[in-house]
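Okay, so here's the structure we're looking at.
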Amino acid sequence: DDDVALLDGDWGDGEAAPGEAPKPVLAIIGRPNVGKSTLVNRVIGRREAVVEDKPGVTRDRVTYPAEWAGREFHVVDTGGWEVDVAGIESKVAEQAEVAITLADAVMFVVDATVGATATDERVVELLRRSGKPVVLAANKVDGPSGEADAAYLWSLGLGEPHPISALHGRGVGDLLEAAMAVLPKVSEHGELRPTGPRRVALVGRPNVGKSSLLNKVAGSERVVVDEIAGTTRDPVDELILLKGVPYWFVDTAGIRRRVHQTSGADFYASLRTAAAIEKAEVAVVLLDASQPLTEQDTRVLQQVVDAGRALVIAYNKWDLMDEDRRPYLEREIEKELVQLTWAPRVNVSARTGWHTDRLAGAVERSLESWDMRIPTGRLNAFLGELVAAKPHPLRGGKQPRILFATQASTRPPRFVIFASGFLEAGYRRFIERRLRETFGFEGTPIEISVRVRE
Ligand code: GDP
Ligand code: GDP
Numbered sequence: 268d269d270d271v272a273l274l275d276g277d278w279g280d281g282e283a284a285p286g287e288a289p290k291p292v293l294a295i296i297g298r299p300n301v302g303k304s305t306l307v308n309r310v311i312g313r314r315e316a317v318v319e320d321k322p323g324v325t326r327d328r329v330t331y332p333a334e335w336a337g338r339e340f341h342v343v344d345t346g347g348w349e350v351d352v353a354g355i356e357s358k359v360a361e362q363a364e365v366a367i368t369l370a371d372a373v374m375f376v377v378d379a380t381v382g383a384t385a386t387d388e389r390v391v392e393l394l395r396r397s398g399k400p401v402v403l404a405a406n407k408v409d410g411p412s413g414e415a416d417a418a419y420l421w422s423l424g425l426g427e428p429h430p431i432s433a434l435h436g437r438g439v440g441d442l443l444e445a446a447m448a449v450l451p452k453v454s455e456h457g458e459l460r461p462t463g464p465r466r467v468a469l470v471g472r473p474n475v476g477k478s479s480l481l482n483k484v485a486g487s488e489r490v491v492v493d494e495i496a497g498t499t500r501d502p503v504d505e506l507i508l509l510k511g512v513p514y515w516f517v518d519t520a521g522i523r524r525r526v527h528q529t530s531g532a533d534f535y536a537s538l539r540t541a542a543a544i545e546k547a548e549v550a551v552v553l554l555d556a557s558q559p560l561t562e563q564d565t566r567v568l569q570q571v572v573d574a575g576r577a578l579v580i581a582y583n584k585w586d587l588m589d590e591d592r593r594p595y596l597e598r599e600i601e602k603e604l605v606q607l608t609w610a611p612r613v614n615v616s617a618r619t620g621w622h623t624d625r626l627a628g629a630v631e632r633s634l635e636s637w638d639m640r641i642p643t644g645r646l647n648a649f650l651g652e653l654v655a656a657k658p659h660p661l662r663g664g665k666q667p668r669i670l671f672a673t674q675a676s677t678r679p680p681r682f683v684i685f686a687s688g689f690l691e692a693g694y695r696r697f698i699e700r701r702l703r704e705t706f707g708f709e710g711t712p713i714e715i716s717v718r719v720r721e
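For the sequence shown, full-length UniProt numbering begins at 268 and goes up steadily by one.
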């Protein structure tokens, strides 16, 4: 059963602690037997024997913490990945592609005593397309006489081949130095999460009640900014406590300064909205519960989703809601907001303060989802079950297989699925629905992209 090819084990995804920059990821890739595992052991300073005699032994971890010259990073070890001997060439390319996706930089290992093979050339092509930085290791150069073999590998077009002997440690220091020179300081797979209060945008069309709500939530609990250590402050942002937790409400100056209805005001209002969303981690979109949903409302909601920010929907002016309107509101939610059922909804009244205390919980839950990472092993186990329960529909007698998936980033969660064929939109939506049912993700958009290998 190879519906999901590489799904076992604790992948040890290199997750950064809150407030810590995610460590960059170096993947070590190459054909079987070129010496990847031996090299990984050198790099991570592992003494115990990890090079198994049996080929195709799946190891329990894929990423390992490593350090070189004071730099901390993670190593993705592809050495133990299942290799099915029949389709060896395609498997190598497949695994290389997964590893490249996970990586910030790649160490490509070639056996200098063999030279570049057709499979190596295919991997080079993948590397070129990825645009990721690469260092080329010419392995099994156990002595000076092998240096000439290494020089042949200039032909791969990846720059200088670094002659090494992973077995004896020869040249490994220079190779790592070259790798550190191209490895970014911080992983792209997750933004640097700043410490300090998180950033909230309060947005919505004019007159929906933004300034009223801002006054309500700020009024009760004012914060002396200097009390919060280590915060840099933008004068248009305001620090406001929600249930005792400080948040930056971004661009509040624009809300407080009443903008007069002059020509072009709409345009500037929407620019300001976009800027606030961009600056925030979570957006609270205010809708007027007493009025029909407008195009402007849905545009603001879409802006939040497109920007990949966490979302809370707040129905304001609930005090004006009369029971006759209730069914219309429900119908609007089912029809026009059906794509946003994952966003928490709170009904509030900025005027009376009714339920405004519920904003805090919704904001917190959405941010938690926005930050969430599903470990690769769990994700693939989940997909394995999903595929078993409901396989992709047959297309022309063929069935695209899901080979492997990984969460490439958080904030918002982004998933990459590797499949043997195109996945229909309906099936992708099914996957998203199941992801949400299984893992939650309340309040955050999710991105799923599919990479198809020919
Ligand atoms: P992988 O399949 O790419 O992970 O390769 P391994 O690390 O398992 O190594 C395959 C074989 O090559 C093993 O027998 C290693 O001992 C051997 N090997 C690895 N590096 C070197 C090296 O620098 N010189 C020599 N002579 N043999 C090596
Ligand atoms: P903004 O343009 O989004 O900042 O909206 P404002 O806060 O200025 O509110 C516009 C109008 O709606 C004002 O007259 C407010 O008093 C009124 N308003 C705001 N929130 C509520 C509410 O919860 N209930 C009622 N009845 N009126 C509200």
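Every residue, glycine too, gets a C-beta built ideally from N, C-alpha and C.
On the premise that residue j lies in contact with residue i, defined as a C-beta separation below 8 Å, what is that separation, rounded to the nearest angstrom?
i                 : j                 : result
phenylalanine 375 : valine 390        : 7 Å
isoleucine 431    : alanine 448       : The pair is not a contact, with the Cβ atoms about 16 Å apart (cut-off 8 Å).
arginine 472      : glutamine 563     : 4 Å
leucine 480       : threonine 705     : That pair is no contact at about 34 Å.
glutamine 362     : threonine 345     : 5 Å
leucine 425       : valine 401        : 5 Å
arginine 338      : glycine 436       : The Cβ separation is near 19 Å, so there is no contact.
residue 777       : valine 381        : Limits of the chain in this structure are 268 at one end and 721 at the other, which puts residue 777 out of reach.
alanine 672       : phenylalanine 682 : 6 Å
isoleucine 684    : isoleucine 715    : 6 Å
Using a Cβ-Cβ cut-off of 7 Å (strictly less than) and excluding sequence neighbours within five positions of residue i, which residues of its own chain qualify?
i              : result
threonine 540  : Val470, Val567, Gln570
threonine 561  : Arg472
alanine 686    : Pro667, Arg668, Ile669, Leu670, Val717, Val719
alanine 316    : Model confidence at alanine 316 stands at a pLDDT of 36, short of 50, so the residue's coordinates are unreliable and nothing is read from them.
isoleucine 641 : Gln674, Phe706
valine 475     : Leu553, Leu554, Asp555, Asn583
glycine 688    : Lys665, Pro667, Val719
leucine 393    : Ala360, Ala363, Glu364, Ile367
residue 726    : Examination of residue 726 is not possible in this model, given that the chain is present from 268 through 721 alone.
alanine 445    : Val402, His429
glutamate 603  : Leu560, Thr565
arginine 618   : Ser479, Asp586
Counting only the same chain and skipping the five closest in sequence on each side, list residues whose C-beta sits under 6 Å from that of residue i.
i             : result
alanine 468   : Val517, Ala543, Ile544, Ala547, Ala550
arginine 466  : Trp515, Val517, Ala547, Glu548
alanine 520   : Val503
proline 451   : Pro291, Asp371
arginine 625  : Val613
glutamate 505 : Phe516, Thr519
leucine 702   : none
glycine 620   : Lys483
alanine 433   : Gly302, Thr305, Leu306, Arg309, Asn406
valine 439    : Arg309, Ile431
Who are the near neighbours of residue i in its chain, counting only those whose CB is closer than 8 Å to its CB and skipping five residues on each side?
i             : result
glutamate 414 : Val408, Pro430
leucine 607   : Leu568, Val572, Leu578, Ile580
serine 633    : Val549, Ala577, Leu578, Val579, Ala610, Pro611, Glu709, Gly710, Thr711
residue 809   : In the structure as shown, the chain begins at 268 and stops at 721. Residue 809 is therefore absent and cannot be evaluated.
glycine 707   : Ser636, Met639
residue 228   : The displayed coordinates of the chain run from 268 to 721. Any statement about residue 228 would go beyond what the structure contains.
lysine 657    : Phe697
threonine 384 : Arg298
valine 615    : Leu480, Ala581, Tyr582, Asn583, Trp585, Trp621, His622, Thr623, Arg625, Leu626
glutamate 388 : Leu423
lysine 510    : Asp624, Ala627, Gly628
Going by DSSP, name the residue or residues bridged to residue i.
i              : result
tyrosine 331   : Val342
tyrosine 419   : DSSP lists no partner for tyrosine 419.
asparagine 406 : Asp378
leucine 469    : Val551
threonine 673  : Val683
glutamate 505  : Phe516
alanine 577    : Val549
glutamate 714  : Arg681
serine 432     : Arg437
valine 719     : Ala686
lysine 665     : Arg662
leucine 293    : Val342, Ala372
valine 401     : Val373
Q.
Which complete beta strand (DSSP E) runs does the region 581 to 649 hold, if anything under 3 residues is left out?
A. 612 to 614
Q: Only counting runs of 3 or more residues, tell me where the beta strand (DSSP E) segments fall wholly within the region 678 to 707, in order along the chain.
A: 681 to 686
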